[in-house]
Amino acid sequence: MEPAREQHEDIVFHAYTDLSHPAVSTVAGEDSVRSLNMLEDELAAQRAENENLEARNRLLEIEVVDLKNGLEAVEERARSELGMIGEDETFYLIID
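Heads up: the sequence shown begins at 594 in this note's numbering, then just goes up one per residue.
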């Protein structure tokens, strides 16, 4: 046989025996497929939970903005329509 062909067959033989080794079959065998499927399921569940939490956070952000603006609007109406002032404010009446 030619030396290059012998070397090629030797490499193929070693590659085959390496893949049939128990340590390699654990990494590349059914266990790894099962692990991959379990990880994909966990990832999908986590993504779904993240989407739910992001939606909840958006609603909470809207509620906070509404509360902030709502309080400012109530305070402004109390000043303009009812003549109220805050505790730390001083009222000045300027007559033209």
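Virtual Cβ for every residue (Gly too), placed ideally from N, Cα, C. As the structure is a computational prediction, the values presented were derived from the model and not from experiment.
| Check | Outcome |
| --- | --- |
| For V657 and L632, the rounded distance between their alpha carbons | 37 Å |
| C-alpha distance - G676 paired with L660, whole-angstrom precision | 22 Å |
| Cut-off 6 Å between Cβ atoms - residues of its own chain near E684, not counting five sequence neighbours on either side | The sequence shown places Phe at residue 684, not Glu. For F684, where only same-chain residues beyond five positions count, the Cβ hits under 6 Å are I678. |
| Where the alpha helix (DSSP H) containing G663 begins and where it ends | E623 to L675 |
| Close beta carbons around E644, own chain, < 8 Å, minus the five adjacent residues each side | none |
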